[in-house]
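Please read the structure below before turning to the comments.
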Amino acid sequence: MKRKVIIPLFLLLSFYMSQAQLIMIDGETGEFKYEEVVQTAGMSKGEIQERAKRWLSEYYVSEDSVHVDSAGINRLCSNKIKWILIKKGIDIEVFFDVDIKFKDGKYKYAFSDFREGKMVRGELQSMSLKTYIERFPQAYHIGIEEPIDSEITKAINSLKYFVTHGAMEKPEEDW
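Throughout the sequence shown, residue numbering follows my numbering, covering 32 to 206 in sequence.
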C-alpha cells in the first residue's frame, strides 16, 4: 500500500522539479539572487574579510568597481556566457553585484542585481536579467538560466573553499 502512494508522489515531485527554475529568485522583489550565511568556526572578522577580498580579486580579474568598508565588500562583477537558442549559440555578458559581509565566525554573501548588457565608455548599459529572459518563449528560459546558474554555483563553491583554506582550489587532473 505504501508503494502505491510513494511512487505517484515521487513521479509528481520529479515532474515539478523538472519544471523548476534554476536561478534563485528573491521572494520580495522577484529578481534573481543567491544568498547564504556561512559559518567559519575559529576565524576572525578581519581574517574572513582579507580572504574574501583576495578571492574577489583573483576570481574576477577585471577592472570592475570595488567598494570596501568595515561592514563588508561590494563589487560589480561580470561573466560572459553562451546559451543556445534553437541551434544558434548566443554570447551575452551578465553583470551582477557581489556583496560579502563579515562577523567573527561567519560571513554572508549575496550575488544579486543580475543584468545583461555591455560596458560602453566605462558606463554600464544594461537591462535586468529577468527582463532579458522574459523576452524569449518559456521553453528557452532554461537554456539561459542553466549556464548562469552553473557559473554562479561554481563561484560560490570557490568562495567557500578560499575562505576556509586561504587559496584557490586546485583542479583535479583530467586523465
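Cβ coordinates follow ideal geometry from the N, Cα and C atoms, glycine included.
Between the CA atoms of residue j and residue i - distance to the nearest angstrom
| i | j | result |
| --- | --- | --- |
| K76 | F145 | 28 Å |
| Y138 | D180 | 21 Å |
| I123 | I112 | 6 Å |
| V99 | G153 | 20 Å |
| A141 | Q70 | 15 Å |
| D128 | L155 | 13 Å |
| W114 | I175 | 5 Å |
| I187 | K134 | 18 Å |
| H196 | S109 | 25 Å |
| K132 | K64 | 15 Å |
| V194 | I173 | 31 Å |
Coil, strand or helix - residue i by DSSP
| i | result |
| --- | --- |
| R146 | strand |
| R166 | coil |
| R106 | strand |
| D128 | strand |
| Y91 | coil |
| A186 | helix |
| A51 | Residue placement at A51 cannot be trusted, given a pLDDT of 40 that sits under 50; the coordinates are not used to answer. |
| G77 | helix |
| G136 | coil |
| S159 | strand |
| E154 | strand |
| K31 | Here the chain has residues from 32 to 206 only, and residue 31 is not among them. |
Exposure of residue i, with buried meaning 16 or more beta-carbon neighbours within 10 Å
| i | result |
| --- | --- |
| G120 | exposed |
| Q169 | exposed |
| S157 | buried |
| Q52 | In this prediction, Q52 has a pLDDT of 43, which is less than 50 and means its spatial position is unreliable; what the coordinates show is noted afterwards. So Q52 ends up on the exposed side. |
| V68 | exposed |
Near the ligand FAD: residue i beta-carbon under 8 Å from a heavy atom
| i | result |
| --- | --- |
| G148 | The ligand FAD is not part of the structure shown, which contains no ligands of any sort. |
Inter-residue CB distance, residue i and residue j (contact presumed, cutoff 8 Å)
| i | j | result |
| --- | --- | --- |
| E62 | S159 | 7 Å |
| E177 | Y163 | Rounded, the Cβ-Cβ distance is 15 Å, inconsistent with contact. |
| M199 | E89 | 6 Å |
| A83 | I104 | 6 Å |
| R106 | V92 | About 12 Å separates the two Cβ atoms, so there is no contact after all. |
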